[in-house]
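Engineer:
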Amino acid sequence: MKINFILLSIFSFLFFSCEPFITEFGDLEDAVMYESSSFTEPPENITSPKIVTWNIRFGAGRIPWTYDSCGDRVLLTNDELMENLNALVNFINEMDPDIILLQEVDVLSKRSGYLDQVQWLLDNTNFNYGAYASMWQAQYIPNDGLGRIDQGNAVLSKWKIGEAQRIQLSLRTDQSSFVQYFYLRRNILKTKIEVPSSITTDPFYAIATHTTAFATDDTKQKHINEFYDVLSSIEEDAIFIAGGDLNALSPWGWEHQYDFCYEDQCDGDVCDGDLENNAIYEGSYFNHLENEQNLLLPLYNDFYSAIDASNEINTTINFTHSTWNIEEENSNYSSSDYWNRKLDYLFSSNSLINGLTHQDAYELSDHAP
Numbered sequence: 017m018k019i020n021f022i023l024l025s026i027f028s029f030l031f032f033s034c035e036p037f038i039t040e041f042g043d044l045e046d047a048v049m050y051e052s053s054s055f056t057e058p059p060e061n062i063t064s065p066k067i068v069t070w071n072i073r074f075g076a077g078r079i080p081w082t083y084d085s086c087g088d089r090v091l092l093t094n095d096e097l098m099e100n101l102n103a104l105v106n107f108i109n110e111m112d113p114d115i116i117l118l119q120e121v122d123v124l125s126k127r128s129g130y131l132d133q134v135q136w137l138l139d140n141t142n143f144n145y146g147a148y149a150s151m152w153q154a155q156y157i158p159n160d161g162l163g164r165i166d167q168g169n170a171v172l173s174k175w176k177i178g179e180a181q182r183i184q185l186s187l188r189t190d191q192s193s194f195v196q197y198f199y200l201r202r203n204i205l206k207t208k209i210e211v212p213s214s215i216t217t218d219p220f221y222a223i224a225t226h227t228t229a230f231a232t233d234d235t236k237q238k239h240i241n242e243f244y245d246v247l248s249s250i251e252e253d254a255i256f257i258a259g260g261d262l263n264a265l266s267p268w269g270w271e272h273q274y275d276f277c278y279e280d281q282c283d284g285d286v287c288d289g290d291l292e293n294n295a296i297y298e299g300s301y302f303n304h305l306e307n308e309q310n311l312l313l314p315l316y317n318d319f320y321s322a323i324d325a326s327n328e329i330n331t332t333i334n335f336t337h338s339t340w341n342i343e344e345e346n347s348n349y350s351s352s353d354y355w356n357r358k359l360d361y362l363f364s365s366n367s368l369i370n371g372l373t374h375q376d377a378y379e380l381s382d383h384a385p
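Mapped onto the working numbering, the consecutive letters of the sequence shown carry residue numbers 17 to 385.
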């Protein structure tokens with residue numbers, strides 16, 4: 017798997033622009049707010065809202081993108097993009113969530129035809145309001161013709177989003193300052209939603225994040241801690257639902273596997289155990305940290321999980337990620353065969369019911385909702 021994500025070669029003229037090529041965000045900023053072009057009357061007499069988290073891979077489906085699977089694709093054709101986005105929308109409309117937490121959403125990026133996916137998703141679903149927080153915003157990335165990029169987290173809701181904040185997460189420290197300048201600035205998107213009184217009269221928050229995938233320092237630990245701290249700081253009388261792609265294994269999945277080099281390797285990659293120098297282990301090995309097995313335990317211990325811990329012991333039915341599709345030569349494959357690890361989670365201040373991993377969405381993204 018190619019994971020030398022942004023080893024940039026760049027001409028000096030790029031540094032003489034009047035404006036910076038990369039947006040460097042503050043620690044706390046207002047998120048970008050959206051509204052659907054056509055309002056759909058939201059449900060009012062509802063007691064248990066349905067909430068989903070999904071890394072949608074910017075509408076690329078299972079196309080072998082050069083940076084996260086064994087391919088050389090950087091740009092999607094318009095036909096590919098619209099086919100994938102329409103399939104995503106059909107699945108979202110079939111699930112019919114009241115609130116959805118999205119990761120890897122593109123806004124006016126070259127690779128996805130300069131389409132504002134937040135607005136497009138709002139206009140083609142029953143959601144009325146959205147909030148967006150960019151984690152990678154650059155006027156120009158020279159690698160492989162990637163060009164303009166704006167990718168981040170989004171929260172879409174049937175009910176009005178009254179407030180939305182972008183909370184900056186720590187930057188990686190295992191990169192040169194040059195590479196770090198062009199790299200992702202991950203965040204937590206915290207939204208306050210005006211849900212109907214039948215759900216609660218207390219403040220209600222929906223919070224999305226996407227923590228680091230490739231760091232070999234302690235950035236993953238920092239991101240999980242910062243996510244936990246945001247949840248812990250919410251006022252006592254409030255209700256929250258929070259989650260996303262945490263890029264960490266369940267505390268109960270370690271007896272199954274924590275090294276996915278052989279599953280992720282591309283032609284020419286070698287799984288040699290050289291964790292420091294072989295780049296494939298950055299995204300495929302989950303024991304870089306001394307305490308990595310326990311990264312998510314504070315979240316499980318102090319909050320409620322959509323998938324109860326007792327069901328995480330057998331994690332297979334709740335795996336949510338794989339780097340590419342199985343070759344479909346054998347019609348006996350089941351949907352669970354397409355996933356090999358769990359990276360996506362939902363937690364709440366209140367008990368959750370009917371948690372379900374939608375493994376049948378294996379063609380729509382490299383993550384399951």
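Note that beta-carbon positions come from the ideal geometry of N, C-alpha and C, so glycine has one too. All of these numbers come straight from a predicted model, not from anything done at the bench.
Determine contact between the segment 74-89 and the segment 140-156, defined as no fewer than three beta-carbon pairs at a distance below 8 Å.
Structural biologist: Touching, no.
Engineer: Among Glu279, Leu313, Tyr297, Leu291, which has the Cα closest to the Cα of Leu262?
Structural biologist: Translated into positions along the sequence shown, residue 262 becomes position 246. Among Glu279, Leu313, Tyr297, Leu291, the Cα nearest to that of Leu262 is on Leu313.
Engineer: Quick one: give me the first and last residue of the beta strand (DSSP E) that Ala170 is part of.
Structural biologist: Here residue 170 refers to the residue found at position 154 when the sequence shown is read from its first residue. Residues 163-173.
Engineer: Within a Cβ cutoff of 6 Å, which residues of the same chain sit near Gly260, ignoring the five residues on either side of it in sequence?
Structural biologist: One-based indexing of the sequence shown puts residue 260 at position 244. If we look at Gly260 and ignore the five residues flanking it on each side, its Cβ neighbours are Thr69, Leu117, Gln119, Ala224, Thr225, His226.
Engineer: Keeping to the same chain, check which residues put their C-beta closer than 6 Å to that of Asn366; ignore five residues upstream and five downstream.
Structural biologist: On the sequence shown, position 350 is the one that residue 366 refers to. Once the five neighbours on either side are set aside, the close Cβ partners of Asn366 are Ile255.
Engineer: At least one CB of chain D closer than 9 Å to the CB of Tyr320: is that the case?
Structural biologist: As a matter of chain content, chain D is missing from the structure shown, which is built from one protein chain.
Engineer: To which residues of the same chain is Thr189 closer than 6 Å at the C-beta, ignoring the five residues directly before and after it?
Structural biologist: As a first step, residue 189 must be located in the sequence shown, where it is residue number 173. Cβ neighbours of Thr189 beyond the five flanking positions: Asp233.
Engineer: In the DSSP assignment, the beta strand (DSSP E) including Glu179 goes from what residue to what residue?
Structural biologist: The count along the sequence shown starts at 1 and reaches residue 179 at position 163. Its beta strand (DSSP E) spans residues 177-184.
Engineer: Would a C-beta distance cut-off of 9 Å place Leu265 and Leu315 closer than the cut-off?
Structural biologist: Looking up residue 265 in the sequence shown gives position 249. Looking up residue 315 in the sequence shown gives position 299. Their beta carbons are not under 9 Å apart, which means Leu265 does not touch Leu315 by this criterion.
Engineer: For Asp46 and Glu242, I'd like the C-alpha separation in whole angstroms.
Structural biologist: Translated into the one-based positions of the sequence shown, residue 46 becomes position 30. Translated into the one-based positions of the sequence shown, residue 242 becomes position 226. Each residue's alpha carbon lies about 18 Å from the other.
Engineer: Quick check on Ile115: buried or exposed, where buried means 16 or more other Cβ atoms within 10 Å of its Cβ?
Structural biologist: Here the question's residue 115 lines up with position 99 in the sequence shown. Counting Cβ neighbours within 10 Å, Ile115 comes out buried, since at least 16 surround it.
Engineer: By Cβ distance below 8 Å, which residues in the same chain neighbour Glu51 in space, the five residues on each side in sequence not counted?
Structural biologist: Locating residue 51 in the sequence shown gives position 35, where the first residue counts as 1. Here the set comprises Leu138, Asn144, Tyr145, Gly146.
Engineer: Keeping to the same chain, check which residues put their C-beta closer than 8 Å to that of Thr216; ignore five residues upstream and five downstream.
Structural biologist: The count along the sequence shown starts at 1 and reaches residue 216 at position 200. Hits under 8 Å: Ile255.
Engineer: For the pair the segment 87-102 and the segment 285-294, tell me if three or more CB-CB distances fall below 8 Å.
Structural biologist: Output reads no: the segment 285-294 does not touch the segment 87-102.
Engineer: Whole-angstrom Cβ separation of Gln167 and Val121, contact assumed at under 8 Å?
Structural biologist: By one-based count along the sequence shown, residue 167 stands at place 151. By one-based count along the sequence shown, residue 121 stands at place 105. Indeed, because the Cβ distance is near 7 Å, the residues count as touching under 8 Å.
Engineer: Let me confirm a value: Asp245 is counted as buried when at least 16 other C-beta atoms fall within 10 Å, else exposed. Which label applies?
Structural biologist: Here residue 245 corresponds to residue number 229 of the sequence shown, with the count starting at 1. With fewer than 16 Cβ atoms within 10 Å of its Cβ, Asp245 is classed as exposed.
Engineer: Quick one: what's got a C-beta closer than 8 Å to Glu251's C-beta in the same chain, skipping five residues either side?
Structural biologist: Here residue 251 is taken as the residue at index 235 of the sequence shown, counted from 1. Answer for Glu251: Pro219, listed in chain order.
Engineer: So is Leu380 buried or exposed if we call it buried at 16+ other beta carbons inside 10 Å?
Structural biologist: For the purposes of this step, residue 380 is taken as residue 364 along the sequence shown, with counting starting at 1. By the 10 Å Cβ count, Leu380 comes out buried.
Engineer: I'd like to know whether the C-beta atoms of Ala222 and Phe363 end up nearer to each other than 9 Å.
Structural biologist: Here residue 222 is taken as the residue at index 206 of the sequence shown, counted from 1. Here residue 363 is taken as the residue at index 347 of the sequence shown, counted from 1. For Ala222 and Phe363, no; Cβs fall outside 9 Å.
Engineer: Going by beta carbon distance, what residues of the same chain come within less than 7 Å of Ala76, once the five residues before and after it are set aside?
Structural biologist: Walking along the sequence shown from the start, residue 76 turns up at place 60. The answer, listed in chain order, is Leu92, Asn100.
Engineer: I'd like to check one pair, Thr332 with Ser351: are the Cβ atoms closer than 9 Å?
Structural biologist: Position 335 of the sequence shown, counted from the first residue, corresponds to residue 351. Position 316 of the sequence shown, counted from the first residue, corresponds to residue 332. For Ser351 and Thr332, no; Cβs fall outside 9 Å.
Engineer: Out of curiosity, what's the CA-to-CA distance linking Gln135 and Ser173?
Structural biologist: Mapped onto the sequence shown, residue 135 falls at position 119. Mapped onto the sequence shown, residue 173 falls at position 157. Taking the straight line joining both Cα atoms gives about 12 Å.
Engineer: State buried or exposed for Asp283, treating a residue as buried only when at least 16 other CB atoms are found within 10 Å of its CB.
Structural biologist: Here residue 283 refers to the residue found at position 267 of the sequence shown. So Asp283 counts as exposed.
Engineer: Consult DSSP for His272 and reduce its assignment to one of helix, strand or coil.
Structural biologist: The residue labelled residue 272 in the question sits at position 256 within the sequence shown. Here His272 sits in coil by DSSP.
Engineer: With DSSP as the reference, label Leu30 as helix, strand or coil.
Structural biologist: Locating residue 30 in the sequence shown gives position 14, where the first residue counts as 1. Residue placement at Leu30 is poorly supported in this model, since its pLDDT is 44, which falls under 50; the coordinates still yield a value, given next. Correct three-state label for Leu30: helix.
Engineer: With a Cβ-Cβ cutoff of 9 Å, do Asp275 and His337 count as a contact?
Structural biologist: The residue labelled residue 275 in the question sits at position 259 within the sequence shown. The residue labelled residue 337 in the question sits at position 321 within the sequence shown. Against a cut-off of 9 Å, the Cβ pair of His337 and Asp275 comes out as no contact.
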